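S.K.:
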Amino acid sequence: MMTPSEADEAGRARYTYRLRVSSTARTALLAEWDRCRWIWNECVAKSKAIHLRNNSTGEKRTCGPAQLDGMLTEARERTPWLREGSSVPQQQVIRDFGRSRAKASKDIRERLPHVEHGRKARARLTRYDRMMARRRPRKGQATSKGYREAKTWRAKTYAKIARQRQETGRKWAKKVVTDHDAIAVEDFEPRFLARSSMARKAADAAISATKRALIEMGRKHGRDIRLVHPAHTTMDCASCGARTKHALPLSERIYTCTVCGAVSPRDKNSAHVMRAGLNPAGAEGVRPPGALLPEAA
Ligand SMILES: [Zn+2]
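Note that my numbering has the sequence shown beginning at 35, numbered continuously upward.
(1) Please state whether the Cβ-Cβ distance between isoleucine 249 and valine 219 is less than 8 Å.
(2) Give the C-beta separation of arginine 170 and tyrosine 162 to the nearest angstrom, bearing in mind that I take them to be a contact with Cβ-Cβ under 8 Å.
(3) Comparing C-alpha positions only, which one of Arg309, Ala305 and Ala310 sits nearest to arginine 145?
(4) Distance check for threonine 292 and methionine 339, CA to CA, integer angstroms please.
(5) Mapping DSSP to helix, strand and coil, what is arginine 71?
(6) For methionine 35, is the classification buried or exposed, using 16 other Cβ atoms within 10 angstroms of its Cβ as the cut-off for buried?
(7) How many angstroms separate the CA atom of serine 81 from the CA atom of alanine 243?
(8) Please list, in chain order, all residues of the same chain as glutamate 93 whose beta carbon is under 7 Å from its beta carbon, the five residues on each side excluded.
(9) Would you say the segment 126-144 touches the segment 63-83, given that touching needs at least three Cβ pairs under 8 Å?
(10) Please classify arginine 309: does DSSP put it in a helix, a strand, or coil?
(11) Just verifying my parser: in three-state terms, what is the DSSP assignment at proline 99?
(12) Restricting to Cα atoms, I'd like to know which of Arg95, Trp72 and Arg52 is closest to alanine 109.
(13) Hey, out of Leu159, Arg164 and Lys205, whose CA is closest to tyrosine 192's CA?
(14) In chain order, what residues of the same chain lie with their CB nearer than 7 Å to the CB of threonine 278, ignoring the 5 residues before and after it?
(15) In terms of residues, what are the limits of the beta strand (DSSP E) holding serine 298?
This is the structure:
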């Protein structure tokens, strides 16, 4: 099957090959990988422990590659099993770990905050709902003062939640707009979510309101904001451009390409597909007239 990006790079071939090693080499390699895996797990445990400690004591300790490298040197001195292996792949594991952790924490920092304002106010809303139900006038009767009061309180609580959501959305949008020149936004209507189990969370994150805030903020600061058509963002492969036959079900969090074999977290894959969609042909620009910024290619 020819995919668009394959067609561009005509003449390039991909081979799958298998390395057959002797049983001695195989044992040695497996032992090497065992050590590397142990070190990775140890990095995870150490960094987690320090994070928990910082959280509970308020200390600001770090657990970067330099510290981990020091720990590795110590561990190699103490443990003959670890010392048997080469230090090169072991140190590389630490560097890889540091890189993935930095990337992961960056992703977490930039994530849309999910504060669930609605959840906090739910108890109050339920109370007002019950009050209203109790005080509801019978047919033909005028509404009581108590009923009207409960109705006002309920409306006020809803308005407060909406304001809080807007505030969170605006703060987040401000941060995103400050950090980026060009932003691709998936132009989707979160209508289908309303009927799924994610409904409450989706309503709470107020996706539409946040999207609106992002677009407004981008316009205000002269950023290049593009609305990317949502079709196929969960079906295309970000690395080779192949399209799967079916949309990924929401429960499937990992995207695996059947053509090139690329594996990536679902949302990340979509984000990369959308970044590709930043090209002017594939996206509807909502860039403000007069803003002189280089177009993202
Ligand atoms: Zn692919």
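Ideal placement from N, C-alpha and C gives every residue a C-beta, glycine not left out. Fair warning: this is a prediction, and the values are worked out from it, not measured in the lab.
M.R.: Let me spell this out:
(1) yes
(2) Contact doesn't hold; Cβ gap of about 12 Å is too wide.
(3) Ala305
(4) No statement about residue 339 is possible, as the shown extent of the chain runs from 35 to 331 and does not include it.
(5) helix
(6) At methionine 35 the pLDDT is 45, less than 50, meaning the model places this residue with poor confidence; the figure from the coordinates comes in the next sentence. The residue in question, methionine 35, is exposed, as its Cβ has fewer than 16 Cβ neighbours within 10 Å.
(7) 36 Å
(8) Arg87
(9) The answer is yes - the segment 63-83 touches the segment 126-144, with three or more Cβ pairs under 8 Å.
(10) helix
(11) helix
(12) Trp72
(13) It is Leu159 whose Cα lies nearest to the Cα of tyrosine 192.
(14) Met269 and Thr292
(15) 297-299
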